[in-house]
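The numbering of the sequence shown is the working numbering, which starts it at 550 and goes up by one.
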Amino acid sequence: MRKELLILSGKGGTGKTSITAALAHLAAPSKIIADCDVDASDLHLILAPEIRSENDFISGTEAKIRRENCTACGECSAICQFDAIETDDEGIASVNGMACEGCAVCARFCPAEAITMHPCRCGQWFLSDTRFGPMVHSHLFPGEENSGKLVTLVKNQATQQAENLDKKLILVDGPPGIGCPVIASISGADLVLIVTEPTMSGLHDLERVIGLTTHFKVPAAVCLNKCDLNGNMAKAIERYCTDNGIEMIAAIPFDQAFTDAQVQGKAVTELQESGVSQTLEQMWFRLNDMLFSK
Ligand code: SF4
Ligand code: SF4
């Protein structure tokens with residue numbers, strides 16, 4: 550049976566992507582990797598994907614003005630609520646694509662019928678090969694805000710690839726935060742691994758993510774990264790997990806090897822001298838058990 554493991558953190562900077570890369574290294578070859586951190590994707594820096602296919606991400610519409618038909622009446626700039634219409638010295642209008650919300654009001658009211666609506670190319674998504682297996686990833690163009698839809702697209706493509714190639718696991722690097730992209734990434738997940746750190750904000754973010762996984766009835770486990778940073782907060786997070794029936798699956802001490810691995814473009818478990826590899830291996834065995842033993 551195919552399973553989907555999603556790795557989340559309440560915010561950026563907890564080491565989520567480094568841990569995802571280590572899991573991508575440790576997990577059996579029968580998997581697809583999906584990078585759903587679409588706004589600040591950096592898994593590709595470690596996995597160095599070789600792109601096999603490049604595709605447009607089309608979402609929503611935007612207005613375009615046929616300059617030759619524009620009579621410079623000024624109607625469109627007066628009614629656009631998003632200040633997305635610009636005019637040149639002769640009063641001829643053009644659309645600022647970054648500001649256009651695609652409401653189509655200008656197209657409806659242009660007396661010269663010079664404005665038409667067009668699908669908006671908001672980003673790209675890719676099918677790639679990595680040394681740890683196939684990967685689906687993407688990037689959103691600057692200023693675009695449809696990251697929830699792009700997360701869904703990346704996940705759907707990863708599922709399709711897993712079906713085509715008969716892979717047993719989809720390993721998903723999720724977006725930070727708890728907004729729409731995170732909710733989109735939780736849909737269809739069998740288990741969520743939450744990477745947090747022993748700080749007050751780490752505990753607060755953990756509570757918020759657990760709120761989401763509980764709401765969507767997806768089992769969760771916690772990986773406490775840099776667990777030796779603050780002993781009291783580490784205990785508070787452990788207590789929170791116990792009180793809420795959530796397994797703390799690993800406590801990983803601060804290790805310079807994470808930074809060294811990043812600099813070398815490697816997963817930390819690829820470094821021979823890495824002291825955290827054993828802890829990460831044990832975490833993967835437990836995750837594997839939680840995913841596939843039922
Ligand atoms: S409403 Fe139409 S004709 Fe008038 S300025 Fe805008 S594009 Fe030009
Ligand atoms: S489609 Fe809407 S937001 Fe875009 S330029 Fe026209 S009126 Fe403004």
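All C-beta atoms, glycine included, are put in the ideal place defined by N, C-alpha and C.
Cβ-based burial, Gln-706 [other Cβ within 10 Å; buried from 16]: If you number the sequence shown from 1, residue 706 lands on position 157. Gln-706 comes out buried.
heavy atom of ligand 2 below 7 Å from Val-744 C-beta: Here residue 744 corresponds to residue number 195 of the sequence shown, with the count starting at 1. For ligand 2, not one heavy atom lies less than 7 Å from the Cβ of Val-744.
Host beta strand (DSSP E) of Met-666 (start-end): For this step, residue 666 is matched to residue 117 along the sequence shown. That run of the beta strand (DSSP E) goes 664-679.
beta-carbon Cys-790 near ligand 1 non-hydrogen atom, thresh 7 Å: Taking the sequence shown and counting its residues from 1, the one referred to as residue 790 is at position 241. No - ligand 1 has no heavy atom lying nearer than 7 Å to the Cβ of Cys-790.
Per-residue DSSP class, three states only, for Ile-795: In the sequence shown, the residue the question calls residue 795 occupies position 246. Here Ile-795 sits in coil by DSSP.
Backbone CA spacing between Ala-844 and Glu-603 [nearest angstrom]: The displayed coordinates of the chain run from 550 to 843. Any statement about residue 844 would go beyond what the structure contains.
Straight-line Cα distance separating Gly-651 from Gln-710: For the purposes of this step, residue 710 is taken as residue 161 along the sequence shown, with counting starting at 1. For the purposes of this step, residue 651 is taken as residue 102 along the sequence shown, with counting starting at 1. Taking the straight line joining both Cα atoms gives about 32 Å.
Extent of the continuous beta strand (DSSP E) to which Glu-599 belongs: On the sequence shown, residue 599 is found 50 positions in, with the first residue counted as 1. Residues 599-614.
Alpha-carbon to alpha-carbon, Phe-807 and Leu-820: Residue mapping note: residue 820 aligns to position 271 of the sequence shown, counting from 1. Residue mapping note: residue 807 aligns to position 258 of the sequence shown, counting from 1. The straight-line gap from Cα to Cα measures roughly 9 Å.
Unbroken alpha helix (DSSP H) run spanning Ile-735, endpoints: Stepping through the sequence shown from its first residue, residue 735 is reached at position 186. Note, Ile-735: alpha helix (DSSP H), 729-735.
Quiz: which residues have CB nearer than 6 Å to ligand 2 non-hydrogen atoms: Ala-612, Cys-629, Phe-631, Ala-633, Ile-634, Val-644, Cys-649, Glu-650, Gly-651, Cys-652, Ala-653, Val-654, Cys-655
Nearest-angstrom Cα separation, counted from Gly-646 out to Pro-691: Here residue 691 is taken as the residue at index 142 of the sequence shown, counted from 1. Here residue 646 is taken as the residue at index 97 of the sequence shown, counted from 1. Cα to Cα, the separation comes out at about 11 Å.
Chain-ordered residues, beta carbon under 5 Å from a heavy atom of ligand 1: Ile-614, Cys-619, Thr-620, Cys-622, Glu-624, Cys-625, Ala-642, Cys-659, Ala-661, Ala-663
The beta strand (DSSP E) enclosing Cys-772, as first and last residue numbers: Against the sequence shown, residue 772 aligns to sequence position 223. Residues 769-774.
One or two residues paired with Asp-637 in a DSSP bridge: Along the sequence shown, read from residue 1 onward, the residue named residue 637 stands at position 88. Bridge partners of Asp-637: none, in fact.
Proximity to Leu-718 [Cα-Cα], best of Thr-762, Ala-583, Ser-608: In the sequence shown, counting from the first residue as 1, residue 718 sits at position 169. Among Thr-762, Ala-583, Ser-608, the Cα nearest to that of Leu-718 is on Ala-583.
Through-space distance from Arg-757 to Ala-653, alpha-carbon basis: Here residue 653 refers to the residue found at position 104 of the sequence shown. Here residue 757 refers to the residue found at position 208 of the sequence shown. Their Cα atoms are separated by approximately 37 Å.
Boundaries (first-last residue) of the beta strand (DSSP E) holding Val-741: Taking the sequence shown and counting its residues from 1, the one referred to as residue 741 is at position 192. Start and end: 740-745.
Beta-carbon proximity of Val-767 to Ile-735, cut-off 8 Å: By 1-based counting over the sequence shown, the position of residue 767 is 218. By 1-based counting over the sequence shown, the position of residue 735 is 186. Closer than 8 Å, so yes.
N-terminal and C-terminal residue of the alpha helix (DSSP H) that Ala-810 is part of: For the purposes of this step, residue 810 is taken as the residue at position 261 of the sequence shown. 805-813 is the span of the alpha helix (DSSP H), which, as asked, contains Ala-810.
Cut-off 7 Å between Cβ atoms - residues of its own chain near Ala-648, not counting five sequence neighbours on either side: Your numbering for residue 648 matches position 99 in the sequence shown. Excluding positions up to five away in sequence, the list reads Phe-631, Asp-632, Ala-633.
Which listed residue (Cys-669, Lys-704, Glu-635) has its alpha carbon closest to that of Ala-738: Residue numbering aside, residue 738 sits at position 189 when the sequence shown is read from its first letter. Among Cys-669, Lys-704, Glu-635, the Cα nearest to that of Ala-738 belongs to Lys-704.
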